[in-house]
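Visitor: Supplied in structure tokens, the structure appears directly below.
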Amino acid sequence: MSSDTGDGTAGGDTPRTMALTLAALYAAGATSGALTLLFPHHAAADEAGLWTNVGLAALGAVILVALASHVRVWAIHIGIAAGTLVITRAVYLSHDAGTFYTYWYVWVGLFGFFFFDRRAAIAHLALAGAAYAWSLDEVGADDPIPRWITMVATIAIAGALIDVVAGRARRRAAEASMQARALAAVSDVAHELARQTSPEGAGPAVCDATARVAGADGVVLWEPGPSGSALVATASTDSALRGTAIPFLSPPAGAVRTFTSGEPWARLEGGDPGEAAPAGSVEGSALFQPVLRDGVPIGVLAIHWRHQVSTIGDDLRRTIALLAVEAAIAIQREQMLVRLERVARTDELTGLSNRRAWDEHLARELARAARTTQPLAVAMLDLDRFKDYNDRFGHQAGDRVLKEAAAQWGSRLRKTDVLARYGGEEFALALPNEGLEEARETLERLREATPMGQRVSVGLVCWDGTEDANGLMARADAAMYEAKRAGRDRVVTA
């Protein structure tokens, strides 16, 4: 991924590093300038002025070191320009067209091309060239044009070489940093998946890792919704986006396009004007990576940047592809956990809630009844002489009775009622918002609907507003056994 830093720098170096490097050049100039004055030099040189130049260079070095932690890039540009003027003053005060002070201009070019982009470096080279031309004119050089051309060409060539070398070094450093972040991100996601015990946590871990490695402003994991008519945001770095949907029949959106084709798709440099962005998505550039299982799309990992992105490097694309594999594992794990949870809460034979799920349902219904002050009826149903039936016709026939009874009773209940297989041939039933009379009518209908010539004994109670779940179930169980003692095939109210 590449983008314009906007401050004229080549990227990768801090203003503090630039300030300390420039301070070193100032100090080197002050030291070498002082040494030249201690040895024989041009007779016409202004020694007093040159010593003040040495002092200015030393002062510049001290200021840059002192302010290195707080300096801004624009101040570095001013520092380079000031250094160019100090060099020019030294050339002027030497009154010698061939003075070695002119070689310091090369330092300006090398610094500019190493730390700044080409436009900024060329601007500093132009300033140095103009200053050198002025100094040659002032000292009355015999051959100013050849001297100027030689010096400026030397600076330009050296700067171009530095630009190439620095660019290559920065690219390698960026690639190494990207690879390190990629490995760390994939490792983090793998560890997060291993730690997850709930189906909801894996998707956000993938999104967070992808945002971190890509330097993205937002990441969304899209999956087909339950209806199959839209992609739904099942995880996102922005919690407000979770649950939003993009219909498959909507105008072409990146996520839908990628899910349909199974191929990655990038929206660069501000995007495709024809693309419909989902509500709340980040404007700008984006990469849509398909999440595949056995080559079939099961989701889309969408990465968004607010700024314009001109290219997305191969390393980043490969890393995001690896994270998409982790996303596929996360989706598969989530589906597996959901299935396991469903199995753990469902009776395999009848498809009803099992004892564990019943206990949770009853606790919620008691809390709701306490909150709303509405009645709650609870019943225990036990098939009569079911053991004898099993012994006579076999367990397979007994299983058919249980399945048919669950189906017949369930079809005669409201959606808000809860029917569960409590154990063996026993069933539990919660009837929210029904008093004893209404509940008794419901249970009489269930008793009459008992299939395959079977009969059922029912114990019915109504919550008294204070007892706990165990006490309520104990009363319902006692009422059911009273129905057994009273001749079976009846509803007994406690």
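Be aware that the sequence shown starts at 182, since it is given in the numbering used here, and climbs by one per residue.
Think of the CB as a built atom: it goes at the ideal place given N, C-alpha and C, for glycine as much as any other residue.
#1: Tell me, to the nearest whole angstrom, how far the beta carbon of ALA558 is from that of LEU612; I am working on the premise that it is less than 8 Å.
#2: Mind checking who ASP563 pairs with in its DSSP beta bridge?
#3: Would you kindly check if the distance between the Cβ of PRO471 and the Cβ of THR441 is under 7 Å?
#4: Just tell me which of LYS665, THR674, ARG656 has its CA closest to the CA of GLU622.
#5: From THR202, GLY348, VAL672, GLY605, pick the residue whose C-alpha is nearest to that of ARG250; which is it?
#6: Roughly how many angstroms separate the alpha carbons of SER462 and VAL437, rounded to a whole number?
#7: Can you round the beta-carbon distance between ALA238 and GLY279 to whole angstroms, since I take them to be within the 8 Å contact cut?
#8: Could you give the DSSP three-state label for ILE257: helix, strand or coil?
#9: Does DSSP put TRP590 in a helix, in a strand, or in coil?
#10: Report the CB separation of ILE336 from TYR273 in whole angstroms; it is logged as a contact under 8 Å.
#11: Identify, in the order they occur along the chain, each residue of the same chain with its Cβ nearer than 7 Å to the Cβ of ARG253, setting aside the five sequence neighbours on each side.
#12: The alpha helix (DSSP H) that contains GLY236, what's its start and end?
#13: Can you check whether the CB of ARG671 is closer than 7 Å to the CB of ALA660?
#14: What is the DSSP secondary structure of ALA457, reduced to helix, strand or coil?
#15: Taking the CB atoms as reference points, tell me whether VAL400 and ILE484 lie closer together than 7 Å.
#16: Go ahead and label ASN651 buried or exposed: buried means 16 or more other beta carbons lie within 10 angstroms of its beta carbon, across all protein chains shown.
#17: In whole angstroms, what separates the C-alpha of TRP590 from that of ASN614?
#18: For GLY579, which residues from the same chain have a beta carbon less than 7 Å from its beta carbon, with the 5 sequence-adjacent residues on both sides left out?
#19: When you compare the CB positions of GLU606 and LEU564, do they come within less than 7 Å of one another, or not?
#20: Can you give me the C-alpha to C-alpha distance between ALA314 and VAL387, rounded to a whole angstrom?
#21: If you follow the alpha helix (DSSP H) that LEU427 is in, where does it begin and where does it stop?
#22: So, do the stretch 390-398 and the stretch 496-503 have three or more beta carbon pairs nearer to each other than 8 Å?
#23: Would you please state the rounded distance, in angstroms, between the beta carbons of ALA312 and THR283? I believe it to be under 8 Å.
#24: So VAL481 and TRP539 are in contact, right, with Cβ under 8 Å, and what is the actual spacing, rounded?
#25: Are the C-beta of ALA304 and some C-beta of chain C separated by less than 7 Å?
#26: Look at the Cβ atom of ILE343, then the Cβ atom of PHE295, and state whether they are nearer than 7 Å.
#27: Given a threshold of 16 other Cβ atoms within 10 Å of its Cβ, counted over all protein chains shown, does ALA148 qualify as buried or as exposed?
#28: Using the C-alpha atoms, what's the distance from GLY340 back to ALA229?
#29: Using C-beta distances below 7 Å, list every residue in its chain close to ALA544, excluding the 5 sequence neighbours before and after it, in chain order.
#30: Given a cut-off of 7 Å on the beta-carbon distance, is the pair ALA426 and ALA511 in contact?
#31: Excluding the 5 residues flanking ALA657 on each side, which residues of the same chain have their C-beta closer than 8 Å to its C-beta?
#32: Going along the chain, which residues of its own chain have a beta-carbon closer than 8 Å to the beta-carbon of SER410, five neighbours each way excluded?
#33: Please report the distance separating the alpha-carbon of ALA256 from that of VAL267.
#34: DSSP three-state call for GLU663: helix, strand or coil?
#35: Tell me the rounded alpha-carbon separation between LEU422 and ARG352.
#36: Can you tell me whether DSSP reads PHE440 as helix, strand or coil?
Guide: Quick answer:
#1: Indeed they touch by this definition, with Cβ atoms about 4 Å apart.
#2: Within the DSSP secondary-structure output, ASP563 pairs in a beta bridge with GLU607, SER638.
#3: For THR441 and PRO471, no; Cβs fall outside 7 Å.
#4: Ranking LYS665, THR674, ARG656 by Cα distance to GLU622 puts THR674 first.
#5: The residue you asked about is not Arg; residue 250 is Ser in the sequence shown. If we check each option's Cα against that of SER250, THR202 comes out closest.
#6: Bear in mind that the predicted position of SER462 carries a pLDDT of just 46, short of 50, making it too unreliable to give a figure here.
#7: About 21 Å separates the CB atoms of ALA238 and GLY279; that is not less than 8 Å, and the two are not in contact.
#8: DSSP places ILE257 in helix when its eight states are reduced to three.
#9: TRP590: helix per DSSP, three-state reduction.
#10: Actually they do not touch by this definition, with Cβ atoms about 19 Å apart.
#11: Answer for ARG253: PRO196, listed in chain order.
#12: Run containing GLY236: 228-247, per the alpha helix (DSSP H) assignment.
#13: No; because the gap between Cβ atoms is not below 7 Å, this pair is not in contact.
#14: In this predicted model, ALA457 has a pLDDT of only 41, less than 50, meaning its place in the structure is not dependable; the value taken from the coordinates is given anyway. Correct three-state label for ALA457: coil.
#15: Yes, they are a contact pair.
#16: Taking every protein chain shown into account, the CB of ASN651 has fewer than 16 other CB atoms within 10 angstroms, so this residue is exposed.
#17: CA-to-CA, the gap between TRP590 and ASN614 works out to about 19 Å.
#18: So the list reads PHE567, TYR570, ASN571, once near-sequence residues are dropped.
#19: In this structure, the beta-carbon distance from GLU606 to LEU564 falls below 7 Å.
#20: Cα to Cα, ALA314 sits roughly 60 Å from VAL387.
#21: Strictly speaking, residue 427 in this sequence is Ile, with Leu absent from that position. Not the alpha helix (DSSP H): ILE427 falls in the beta strand (DSSP E), residues 426-428.
#22: Contact between the stretch 390-398 and the stretch 496-503 is established, with three or more Cβ pairs separated by less than 8 Å.
#23: Going by Cβ atoms, the distance from ALA312 to THR283 rounds to 10 Å, so no, they are not a contact pair.
#24: Contact doesn't hold; Cβ gap of about 39 Å is too wide.
#25: The displayed structure is made up of one protein chain only, and chain C is not part of it.
#26: The answer is yes: Cβ separation under 7 Å.
#27: The structure shown does not extend to residue 148, since the chain is modelled only from 182 to 675, so the question has no answer here.
#28: Rounded to whole angstroms, the gap between the alpha carbons of ALA229 and GLY340 is 33 Å.
#29: So the qualifying residues of the chain are ALA650.
#30: In terms of Cβ geometry, ALA426 and ALA511 do not form a close pair [threshold 7 Å].
#31: Answer for ALA657: VAL559, ALA560, MET561, ALA609, GLY640, LEU641, VAL642, ALA675, listed in chain order.
#32: Cβ neighbours of SER410 beyond the five flanking positions: PRO428, PHE429, LEU430.
#33: Take the alpha-carbon of ALA256 and the one of VAL267: they are about 16 Å apart.
#34: Note: GLU663 maps to helix in three-state DSSP.
#35: Inter-residue distance for LEU422 and ARG352 is about 35 Å (C-alpha atoms, whole angstroms).
#36: Reduced to three states, the DSSP call for PHE440 is helix.
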